[in-house]
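Engineer:
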Amino acid sequence: MNWHGIAAIYRYEMERTRRTLLQGIVSPVIITCLYFIVFGAAIGSRIDEVQGVSYGAFLVPGLTMFMVLTQSVSYASFGIYFKRFTGTIYELLSAPMSAIEIVIGHVGAAASKSFVLGCIILATAGVFVPLEIQHPGWMLLFLVLTCITFSLLGFIIGIWADGFDKLQFVPLLVITPLVFLGGTFYAIDMLPPFWQTVTLFNPVLYLISGFRWSFYGTGDVSLWASLGMIAVFLGLALVLISWIFHTGYRLKD
Amino acid sequence: MRRECPPVRRERDAISDADEAAAADTRPPVMVDVQGLRKQYHGGFLALRDVSLRIRRGEIFGLLGPNGAGKTTLIHIICGIVTLSAGTVRVAGYDIHRQYRETRRRIGLVPQELTNEAFETVWTTLTYSRGLFGKAADPVYLERLLKDLSLWDKRHSPMMQLSGGMKRRVLIAKALSHEPEILFLDEPTAGVDVDLRRDMWKLVRGLRRRGVTIILTTHYIEEAEEMADRIGVIRDGELILVQDKHELMRSLGSKVVTLELAQPLAHLPEALARLGVECEQGGRTLRYRYSAEGGEAGVDAVLRAVQQAGLTVHDLHTRESSLEQIFVRLVGEQPEEAQ
Ligand SMILES: Nc1ncnc2c1ncn2[C@@H]1O[C@H](COP(=O)(O)OP(=O)(O)OP(=O)(O)O)[C@@H](O)[C@H]1O
Ligand SMILES: [Mg+2]
């Protein structure tokens, strides 16, 4: 293993975050605060308990997931896309690094950033609502797996994208709707039966449900269904990435 | 019709009698060994057709050819940036596919394009490069490198604040950051001022003294003429010539001797005309062109004939054709439309 190489990529990508701290960390935190003020405090005060907790508290896991999912994708996709865009990817391709090492460096950095972001958002949420975490171990596991999985997805998007618009497209037009319709703001039993069934096809529902279970012990679907869904995501991302490096897709002529 | 090009010289013999210093070294004398290399891009364009080439350890190899000939493609394949369609490439005896870690950690590449991430500082980008190639941090080495390239003052500047020439030097520093054994310079002096070019040549020579093998492409022929030990000429994806620079200039170059006469000639004496001497400038000068190989007897005969004709020579000079003229002649022989 080229450990120096992995460390070099990791540090380089983390350095990028330090420079873009405002858009990378501060803005997601501000957006989360807005959600808490509007939905948690203002509207939430008129809503009864959902799944046995106050509406504000109910929102915390879903909103955290929302930010972690979108930011993992955008950190990871930007890191690799920018190297392709500027042409500095030549260095990565000519370095004595295997595909796995390149992925570990980039995805590791993106996942670390989104993990930190997730923790900051949880801490911010604690300012608005009293937080309780019943299963902290599971909570961390879900958070870490989600960060890794969606950073992998972001890495794939960064290789697939051939313009900055496509880089924005997936977080904004795919992940955001899935998160909104995946039970961030409601428990699915609040929906009519038909839409409950439709919602069960939304993979993000399982992530949010599992994550929320680790906080309050209740979820829309079983814990194992949630874990299974993350595993499927992770597996798919790994298969896609190995195909990309095997064929040199969009990386090598 | 495609005119006959000089055959590519077989190199095996030349390598076996390589310099004595190399004998003590256990590393293979062939640093880069390209055999039957073919590259067809996705669109179907055939950029390299059956290229075979051996580059010896410690030499400076100049790769010449017009725009689009395939120089960058060849270099990128050796470095692992472009995939090959057929053939084999070995670097320091290792296969570039199966043993890519061994080959790539030995190679440094200065790309033709000025690519950089605008917001990164010189120092960050340099430590990143060194790490990528699997080397532990060595601030002392990197400091010396930056000082050698007159970039030390700029180490904390983001790339976007550097001039074009400075950016080019940063790319050189990056390529050297992991102390490679082979350095590819893809048009390193494009857009570089005279002083800097001089510095670069000095740097390249210094590297060669340390045993680094250097492959450079350039459109400045005088650069290849001054720097390279051997020259390869590539045209339309074919390596049409590989030769020692001096040999090349001797075999393909020609010399011209010009005699300035004290009195203009009314007509050229028969004896001189028979030797191929031409009369110019209203009979004031005589020109004699001969091949650089074994032309001395001819010059002698001309001088004797001049004396016998009773002419007084006012001044005399000879001129050798430059690599540039040879190059223009070589690549100027247009093949029939290939594509
Ligand atoms: N990615 C690509 N896809 C398709 N064709 C390509 C690609 N890259 C290069 N080519 C073609 O391959 C040929 C060789 O290009 P290459 O860059 O190797 O030339 P070069 O000798 O380096 O030229 P120059 O002196 O202009 O740098 C050109 O005709 C070019 O158009
Ligand atoms: Mg080129």
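Taken in sequence, the protein lines are chains A and B.
All you need for this note's numbering is the position in the first sequence, starting with 1, plus 22.
All you need for this note's numbering is the position in the second sequence, starting with 1, plus 17.
Cβ coordinates follow ideal geometry from the N, Cα and C atoms, glycine included.
According to the neighbour-count rule (16 or more other Cβ atoms, all chains shown, within 10 Å of its Cβ), is B:Met177 buried or exposed?
Structural biologist: It counts as exposed.
Engineer: When you measure from the CB of A:Thr39 to every non-hydrogen atom of ligand 2, does any distance come out below 7 Å?
Structural biologist: It does not: the Cβ of A:Thr39 is nowhere closer than 7 Å to a heavy atom of ligand 2.
Engineer: With a threshold of 8 Å between beta carbons, is A:Ala34 in contact with chain B?
Structural biologist: The displayed chain sequence assigns Tyr, not Ala, to residue 34 of chain A. Yes, A:Tyr34 lies at the interface with chain B (some Cβ there is under 8 Å from its Cβ).
Engineer: What residues from chain B crowd round A:Pro118, counting only those whose CB sits closer than 7 Å?
Structural biologist: Simply Tyr117, Arg118, Arg121, Arg122, Phe150 and Gly151.
Engineer: Residue range of the alpha helix (DSSP H) that A:Ser134 falls in?
Structural biologist: That run of the alpha helix (DSSP H) goes Ala121 to Phe150.
Engineer: Throw me the rounded Cβ distance for the B:Ala86 and B:Asp253 pair, which I believe falls under 8 Å.
Structural biologist: 6 Å between Cβ atoms; contact.
Engineer: Could you give the C-beta distance for B:Ala326 and B:Ala288, rounded to a whole number, given that I count them as a contact under 8 Å?
Structural biologist: Rounded, the Cβ-Cβ distance is 7 Å, consistent with contact.
Engineer: Residues of chain A with CB closer than 9 Å to the CB of B:Ser146, please, in chain order.
Structural biologist: Going along chain A in sequence order, the residues near B:Ser146 (Cβ under 9 Å) are Ala30, Glu113 and Ala117.
Engineer: Quick check: the segment 154-174 of chain A against the segment 127-142 of chain A, are there 3 or more CB pairs under 8 Å?
Structural biologist: The segment 154-174 of chain A, when compared against the segment 127-142 of chain A, does touch it at the 8 Å Cβ threshold.
Engineer: Can you check DSSP and say which residues form a bridge with B:Ile124?
Structural biologist: DSSP output for B:Ile124 lists B:Ile199 as bridge partner(s).
Engineer: Which residue wins for smallest C-alpha separation from A:Gln156, given the options A:Trp235, A:Tyr34 and A:Asp242?
Structural biologist: Ranking the options by Cα distance to A:Gln156, first place goes to A:Trp235.
Engineer: Using only the alpha-carbon positions, how far apart do B:Arg225 and A:Ile197 sit?
Structural biologist: Taking the straight line joining both Cα atoms gives about 55 Å.
Engineer: Of all the residues that make up the segment 72-97 of chain B, which are near chain A by a beta-carbon distance shorter than 7 Å?
Structural biologist: Of all residues in the segment 72-97 of chain B, Cys96 and Gly97 have a Cβ within less than 7 Å of some Cβ in chain A.
Engineer: Using beta carbons (cut-off 8 Å, strictly below), is A:Thr54 in contact with chain B?
Structural biologist: Not one chain B Cβ lies under 8 Å of A:Thr54.
Engineer: Measuring straight from C-alpha to C-alpha, what distance separates A:Val166 and A:Gln93?
Structural biologist: If you take the alpha carbons of A:Val166 and A:Gln93, they lie about 13 Å apart.
Engineer: Determine, using beta carbons only, whether B:Thr302 and B:Thr275 come nearer to each other than 8 Å.
Structural biologist: Yes; because the gap between Cβ atoms is below 8 Å, this pair is in contact.
Engineer: Count the other CB atoms within 10 Å of the CB of B:Val319; is the residue buried (16 or more) or exposed (fewer)?
Structural biologist: Classification of B:Val319: buried, given that the 10 Å Cβ count is 16 or more.
Engineer: Using only Cβ atoms and a threshold of 6 Å, which residues come within that distance of a heavy atom of ligand 2? Order them by chain position.
Structural biologist: Having a Cβ closer than 6 Å to some heavy atom of ligand 2 are B:Lys88, B:Thr89, B:Gln129 and B:Asp203.
Engineer: For B:Leu91, tell me which candidate among B:Lys262, B:Asp112, B:Leu256 and B:Arg321 has the shortest Cα-Cα distance.
Structural biologist: Comparing Cα positions, the closest option is B:Leu256.
Engineer: Just the Cα atoms here: how many angstroms apart are B:Leu143 and B:Gly125?
Structural biologist: Rounded to the nearest angstrom, the two C-alpha atoms are 13 Å apart.
Engineer: Using a Cβ-Cβ cut-off of less than 9 Å, give me the residues of the segment 98-110 of chain A that come near chain B, in sequence order.
Structural biologist: So the close ones are Phe104, Lys105, Thr108, Gly109 and Thr110.
Engineer: Here's a check: name, in chain order, each residue in its chain whose Cβ is nearer than 6 Å to the Cβ of A:Val75, leaving out the five neighbours to either side.
Structural biologist: Closer than 6 Å at the Cβ level, and outside the excluded window around A:Val75, lie Tyr238.
Engineer: Taking 8 Å as the threshold (beta carbon to beta carbon), is A:Asp211 in contact with chain B?
Structural biologist: So, not an interface residue.
Engineer: Could you name the residues of the same chain whose beta carbon sits closer than 6 Å to that of B:Arg122, not counting the 5 residues immediately before and after it, in chain order?
Structural biologist: Hits under 6 Å: Phe150 and Gly151.
Engineer: DSSP puts B:Glu337 in a beta bridge; with which residues?
Structural biologist: Paired residues: B:Lys272.
Engineer: The beta strand (DSSP E) spanning B:Thr302 covers which residue range?
Structural biologist: B:Thr302 -> beta strand (DSSP E) spans Thr302 to Ser308.
Engineer: If you compare alpha carbons, which of A:Ala63, A:Gly46 and A:Tyr112 is closest to B:Lys191?
Structural biologist: Nearest option by C-alpha distance: A:Tyr112.
Engineer: Could you tell me the distance, in whole angstroms, from the CA atom of A:Trp182 to the CA atom of A:Arg272?
Structural biologist: Looking at the two C-alpha atoms, the distance is approximately 7 Å.
Engineer: Looking only at its chain, what residues have a beta carbon closer than 8 Å to the beta carbon of A:Ser264, apart from the 5 residues adjacent to it on each side?
Structural biologist: Correct list, in chain order: Ala121.
Engineer: Does DSSP put B:Leu233 in a helix, in a strand, or in coil?
Structural biologist: It is a strand residue.
Engineer: Closer than 8 Å, CB to CB, is B:Thr230 near chain A or not?
Structural biologist: Taking Cβ atoms only, chain A never reaches closer than 8 Å to B:Thr230, which makes this a no.
Engineer: Kindly say whether A:Lys274, judged by its beta-carbon, lies nearer than 8 Å to any beta-carbon of chain B.
Structural biologist: So, interface residue.
Engineer: Considering only their Cβ atoms, is the gap separating B:Arg247 from B:Phe78 smaller than 8 Å?
Structural biologist: Their beta carbons are under 8 Å apart, which means B:Phe78 touches B:Arg247 by this criterion.
Engineer: Closer than 9 Å between beta carbons: that is the criterion. Which residues of the segment 180-208 of chain A meet it against chain C?
Structural biologist: No chain C appears in this structure, whose protein chains are A and B.
Engineer: Per DSSP, which one or two residues make a beta bridge with B:Val108?
Structural biologist: B:Val108 pairs with B:Val49 and B:Tyr111.
Engineer: Using 8 Å as the limit for Cβ to Cβ distance, is A:Gly46 near chain B?
Structural biologist: No, no contact with chain B.
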